[in-house]
Each structure stands twice: as C-alpha cells, then as structure tokens.
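Reading through the structure tokens given below for one structure.
Put into structure tokens, the structure is as follows:
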C-alpha cells in the first residue's frame, strides 16, 4: 500500500473539469514529480489532497486513512505538509517565529519549539537570517522559509508546489540539494515543478497531467520519450524527430 | 496622599489599559477586530448589578458570573461569525451589530423599570459589596486586574497559543496548512477577551454606581475599548497601557485647558486615531521604539 | 388601509435609501473601502441645507445643489488627504480610519451646532393631499422623485460617459484599469466625491420632513449598510432594488412591531445576510 493514493478523483469548477478521473500513487520514501503544461490541474491536485477543496468524485487516502472531507489542519495533523506556489509567510513574524509556528505542531513547550525551529533553519541554510522579517528576504530565501516552516511540522509527506520557480540556476541547484537532504531524512516528496531539469533529476517517478487527466506515468526517462507528453507540451504541430 | 481627582485619573488610565489588553487578545493577537465589545462590557455590568440588587449576590461573585455570561455570549457570536467565515471589517461590523441589538433589547427592558438609569444602593465602604468611599481602594483593585491581565497576555503571547493566534492573524490559510484549527483558536481568543471585558464591566458598575444602557452598551464604549490598544499598539503586551495613558491624559488636558463640551474628547480621539492610522499604524509603542533603537545604534557606533 | 399607507411610505423611503446606499456601494465598489463615516456625511449635508435655509432663506430643494457640491468637495478632500495614504493598508485599518473620520465629523457638529434637533418647515409643502384615503406627504414624494432622478442620472453617467466607464473599469478590475492607463488617483477622488455628494444630496432632500441633529446620520447609515449588503457590495443596480425592498419591508413591519424592534430587525437582516448570503440577493463582491 502506497503512502498516498488517489483513485478516480474528479473536481470541476463551474463548467470546467480541473481534474478528471485521476489515479496515481506515491510510495513511501519516494520522490514523485507532478508535471504538465500550465492549467493542467496540478495545484488543484494539491488543494484536493490538503483539504482546501472537496473532490466531486473519487477517493484520496493517506497511510490507509481517507482524506476526503478533512479540513486542511486535519490533513496536516495526519502528516502531510505543503508549500504554496505563491509563498505565504507570516509577514509580521521573524523567520524564526515563522518556522516556530510549524514546530508547535508536534512540540508544546515554547523553548523546545524555538530550538527545533533553529534546527530546521540550519538544515535549510537560513540560520543566519533567523531575526529577519520575510519581506526583507530574497525570493530564494522566502522559498526556503516556506519549506522550513512546513518541514517543522514533521510531515511524512511533503507537497512542494513549484519551489524552484523564480530561482536563478545556482539557487535551483541548491534547492535540489536541499530537497534531496530532506528526502534523505525520511520525508516522502510529491513535487509540482515546471523547471524540467530539476524535477527530472530529483524524481524517482513522474506523473504527467494534461487538462486534468493523467497522460503518462513512469520513470523520468520513460516520460521524456513519451510522444503524448511531447505533444502536450509542444502542441500538435511538433512530432518527435 | 494624592487627591481623589488624581486617583480617579489613575484609575481611568489603568482601567482602559485593562480593557485594551482584553480587546487586544482577540484583536491585536488573533487579528479579529471587534467593534462590538460593549456587548460583553454591558452584559457583565448588568449581570452582576441585577444579581446584587435583586438577590443580594456579592458583586465579586457577580463579577465571575458576569464573566461567565460574557463567555457564553462570546462563544455564541464567535461561533456564528467564524463558522460562516466572517473576516476583517465584516467581522468588526457584525460584532457591532450584535452589540447594538443587545443595547436595544436592554433599552426596551430597562426603560420600563429604570428609565433614569439603574442605581446601585449605596453601602458606604464595604468590601463584600465592592464599594469604597475612598477611591484609593479602587485603584489597587484595577491595578491588580491590569497586572493579572497583562501577565496572562504575556504568557499566552510566548506560548503555542500566542504563536498560533499571530499565524492566524497574518495568514489564516497558511496557518491551517500548518495544522492550526483556526476556528477553535479564534473562539478561544474570543472567550478570553469576552470574560475579561465582562469583568471590567462589573468594575465600572461598582466604581460609578449607576448603570445607563447607552453608556454601557453604546458604540462609544466599544470605540474607547479598542482605541487604547490600536493607538498604543495592537498585538503588543504593553501597547494598551501606552495607549490608555496617552488618551486619558490627552482627554484631561483638553478638558482642563480648552473649553470642553460633551463629545470633545471623542473628537480628539477621532483625530488621534486618524493620525495614528496614517502615520504610525503599528501604534505609539512601535513609534517610540524606532527612535529608541536608532539612538541605541547611534550610541553603539560612537 | 394601514397597509397601503405603509406600502406607500415604504416605497418613498426606499427612494431615499437608494440614494444613500448608492453612494456607499460606489465607494466600496471602486475603492474596496467600507465608509463608516457615511452617516455623518449625510448629517453634514442636512446641516448645509438647514443653514442655507435659516440664514438666507434658500429653498431646501434649491440648496440641494449646494449640499451635493459641498459634500462632493468634502469627499474629494477627505479622499486626497486621509484615505489615499491608507489605500494599501489592511482592511481593518481603513475601517478604523473612516471610524475616526465619523467621530471627528459627528462631534465637530455637536460642538458647532449643539445637540438640539433643528427642523425646517417649507410653507408650500404644508399641504398633504389625501388620495383615496391615503395621505401623501409632498416632501416625501419630492424626496423620492428627486432621489430616483439622481440615481438614474448617476446610472447613466456610469454607463454612457467615458469617465463613468473608467470608474466601472476600476471597480471591476483594478489591475486591468492600471494597464490601460486609467488615472487611478483621479478615479478614486471622483468616486469618493460622488459617493459623498449622493449622501449629501439625500440629506438635503430629507431636511423638510426630518429633524436634524448631529446623530441623525446613524439611523440612516444602518439602513444604508443593510441595503448595500442586501443588494450586493459594489452592485449599483442591486443597491437600488434592495433599497426599495428594505423601505417596503421596514414600513410594513412598523405596522406590526414596535419602533425599537424595527432597528433590531434591521441589524438582524444585516447579520443574517453577511453570514448566510454574503454576496447579497443580487450578487456582488463576496463579503
């Protein structure tokens, strides 16, 4: 039994099918990449998993427990953490205080929570900025903060929503390394990404969405050669050479 | 021995600081600005007073029972507001609406039996009856109340509860994604804020010894309650004290040196509120901290 | 018979409410600001009209131009000096600002003109013709007609003129409006000014049959808020319809329930709509 399982999940908004009969699984200790052209429904999938939206149809389960109908805070308590595509820091709190909010998920004592937050900051490389306010951080550091905060909740599964977006190449490499470190510490990762190089090198498996449907699934190499995938990204006029 | 007038001024400062701290827990920390705290204030005052007059209940016990009534009202209005996702100004206005409804109900009820206000029978100085000829005793009582409330606020701010409140305040959706049950924590803030405010109502009743519906449930008192927190610094432990000192002193100075009229201090408060919102939205406390920090840095460099 | 009288006065009141509400919803629609000071601005309009009548014998219906213009100027001034610095501030700060403004205006009026209610009696309006057993109060009918005329004129302005279209553009899509080069500063000032002018004119219309005191705005503003929320925040047409509905409901209810309860009913509608149908009856910015 995989850690996260989606089965025939559908969700529409108004008349638009954002996600259509989607099924895939994320095995424990894996890094799974979720890719697809813009508007293919990737963030909707995250929102369905984390309880922001209710699916119209289908089943979602985590470690054998159903996710359907659970509020976001309940989903987090089950062990799923997430970052947001557009970072959502607590702007009046320092970097440390931001991460501390996450740490309080599993730790009740204020001083221990502070120490845990410091440890997570060290892991992501933000320790030197602990007293800074989020508005004074670079975009790369804000992404790191978002990651650190979710990580502090001690998730079993971490949903990363385009953490590489807007980063320079050097920063992207650092982020890939960071993701690997986090994975090595025992966290399963489900990653939405547009930066192909990053998601291809990170992931064990890739799921490709197009118009809310899964059009391909497999190892990065298999997916990169899949004609359906190429057509989805490049359009009908292009055929593989 | 300071005069009764000076003691009265001190009592008013500490009292409005206390009410500011109470409001601040829901408004400054949890980020839910209520424009209707008069509801808890008046409810507390009338609960203890009516129990005292009709059943001889000591106002001290009445204070606790009034606090309980406040909690129930707070949980009720909070449940409705938060369950249906009211935020920001809509929450503020709905709380105002609740307070106004309560005011109208009490006005209808009281106008028949006590058209000129509800007087508390004078007992001279009596600890059991919470009445003192010498205002000095009231000073010590409100001082204890303020210290207790401030200590509570300080402890909560440092704890998980405080961190969760501030997270909810800054970004409720992100907070939920971190495992925070925003609904429950907002209700908690509401309950604590309500009980403290209601108990403040009892103090007010016992200090002035007559209750008038419009004074206790009106928009004016709701505004005065939130003003010391907003002007001093919402979301800080000592902001309400700074705000209360500033507002009460300003009110006294203008009353003494400028020909005052009823409503003059409200007009001044309005001006101060406007100035603070535009130039110092973090409040006076932060406004004082900035030059202080700059001074410290300048000295360190020298 | 009583019901018919109630329906008539409800309808007439509805017209006035629509003028008040339309100003409020315009300001919200364009600037996303809930103008707590709206009632006190109406009160100012009433005093302008009152003083012009008492000092120089100007007919209240003529001085409408004055109350409207003075309030327009006041609105533009308030917007430029006080509101524009906080346009990017959190919503509760904006509400606190307008609260502060209302405190200043109300208590300034109290200081200048004292709390005694003032009335204006216009001689040619003393006649109250009876039609089919129903008394028709002429000042109310005139207020109704002129209110609707103003509202209709505003509607035409928003639909047909370039400036009006620019205002609607800003209210629908702020970013889009910026992209096409609309001068936001001017639009904000204009919208706020027009909103205040509406409520100032409404004040002038109401003076012949409603006593003026510094707190009179409070009564109208509650109803205005109920109307705006019921009609949908920012929904101009919705405000108009909701105003008539509220006016009718209020009058008919007054036949059956005591006066104090009437205000409670208003507040209850306000809360119920915000809780259970925040977009209002006709759809608007989600509250």
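Protein chains in written order, with the working numbering: chain W, 11 to 251; chain Z, 184 to 485; chain S, 6 to 292.
Glycine included, C-beta positions come from ideal geometry on N, C-alpha and C.
Please determine, among the options, the residue with the shortest C-alpha to C-alpha distance to residue i.
i, options, result
"residue 274 of chain Z", "Z:261, Z:223, Z:284", "Z:261"
"residue 343 of chain Z", "Z:222, Z:197, Z:212", "Z:212"
"residue 154 of chain W", "W:208, W:60, W:173", "W:173"
"residue 146 of chain W", "W:100, W:229, W:219", "W:100"
"residue 399 of chain Z", "Z:230, Z:193, Z:194, Z:185", "Z:230"
"residue 119 of chain S", "Z:397, Z:324, Z:444", "Z:444"
"residue 266 of chain S", "Z:265, Z:309, Z:292", "Z:292"
"residue 69 of chain W", "W:35, W:52, W:207", "W:35"
"residue 273 of chain S", "S:260, S:232, S:288, S:98", "S:232"
"residue 19 of chain S", "S:213, S:248, S:203", "S:248"
"residue 296 of chain S", "S:114, S:181, S:69", "The structure shown does not extend to residue 296 of chain S, since chain S is modelled only from 6 to 292, so the question has no answer here."
"residue 335 of chain Z", "Z:194, Z:205, Z:473", "Z:205"
"residue 325 of chain Z", "Z:455, Z:272, Z:197", "Z:197"
Counting contacts by CB-CB distance shorter than 8 Å, is residue i in contact with chain Z?
i, result
"residue 140 of chain W", "no"
"residue 118 of chain W", "yes"
"residue 272 of chain S", "yes"
"residue 115 of chain W", "yes"
"residue 102 of chain S", "yes"
"residue 73 of chain S", "no"
"residue 182 of chain W", "no"
"residue 176 of chain W", "no"
"residue 25 of chain S", "no"
"residue 32 of chain S", "no"
"residue 98 of chain S", "yes"
What residue does the alpha helix (DSSP H) around residue i start on, and which one ends it?
i, result
"residue 202 of chain Z", "187–207"
"residue 123 of chain S", "Looking at the DSSP string, residue 123 of chain S is not in any alpha helix (DSSP H), and its letter there is neither H nor E."
"residue 215 of chain W", "Residue 215 of chain W -> not in any alpha helix (DSSP H); beta strand (DSSP E) instead, spanning 215–220."
"residue 149 of chain S", "143–165"
"residue 397 of chain Z", "396–400"
"residue 50 of chain S", "43–61"
"residue 217 of chain S", "From DSSP, residue 217 of chain S is part of no alpha helix (DSSP H); its letter is neither H nor E."
Drop a sphere of 10 angstroms on the beta-carbon of residue i, count the other beta-carbons inside from all chains shown, and report buried for 16 or more, exposed for fewer.
i, result
"residue 187 of chain W", "exposed"
"residue 348 of chain Z", "buried"
"residue 481 of chain Z", "exposed"
"residue 256 of chain Z", "buried"
"residue 188 of chain Z", "exposed"
"residue 189 of chain W", "buried"
"residue 192 of chain W", "buried"
"residue 40 of chain S", "buried"
"residue 427 of chain Z", "buried"
"residue 183 of chain S", "exposed"
"residue 301 of chain Z", "buried"
"residue 158 of chain W", "buried"
"residue 136 of chain S", "exposed"
"residue 224 of chain W", "buried"
"residue 198 of chain S", "buried"
"residue 108 of chain W", "buried"
"residue 61 of chain W", "buried"
"residue 82 of chain W", "buried"
"residue 307 of chain Z", "exposed"
"residue 310 of chain Z", "exposed"
Comparing the C-beta of residue i with each C-beta of chain S, is any distance below 8 Å?
i, result
"residue 446 of chain Z", "yes"
"residue 453 of chain Z", "yes"
"residue 273 of chain Z", "yes"
Along the chain, where does the beta strand (DSSP E) containing residue i start, and where does it finish?
i, result
"residue 71 of chain W", "67–72"
"residue 42 of chain W", "41–45"
"residue 199 of chain W", "198–202"
"residue 93 of chain S", "No beta strand (DSSP E) holds residue 93 of chain S; DSSP gives it neither H nor E."
"residue 15 of chain W", "14–23"
"residue 108 of chain W", "Per DSSP, residue 108 of chain W belongs to no beta strand (DSSP E); it is in the alpha helix (DSSP H), 105–113."
Hey, is residue i's beta-carbon within less than 8 Å of any beta-carbon in chain W?
i, result
"residue 226 of chain Z", "no"
"residue 349 of chain Z", "yes"
"residue 341 of chain Z", "yes"
Interfacial residues, the region 289–320 of chain Z to chain S, with Cβ spacing under 9 Å: Answer in chain order: 290, 291, 294.
Where the region 38–51 of chain S meets chain Z: residues whose CB sits under 8 Å from a CB there: Considering only beta carbons, the part of the region 38–51 of chain S lying closer than 8 Å to chain Z consists of 39, in chain order.
Chain W contacts made by the region 355–379 of chain Z, where a contact means CB separation under 8 Å: For the region 355–379 of chain Z, residues whose beta-carbon sits nearer than 8 Å to a beta-carbon of chain W comprise 356, 357, 358, 359, 360, 361, 362, 363, 364, 365.
The region 255–274 of chain Z: positions lying closer than 7 Å to chain S by Cβ: Along the region 255–274 of chain Z, the positions whose C-beta sits under 7 Å from a C-beta of chain S are 263, 267, 269, 271, 272, 273, read in chain order.
Residues, ordered as in the chain, of the region 458–474 of chain Z that lie near chain S by beta-carbon distance below 8 Å: Cβ contacts with chain S: 460, 461, 464.
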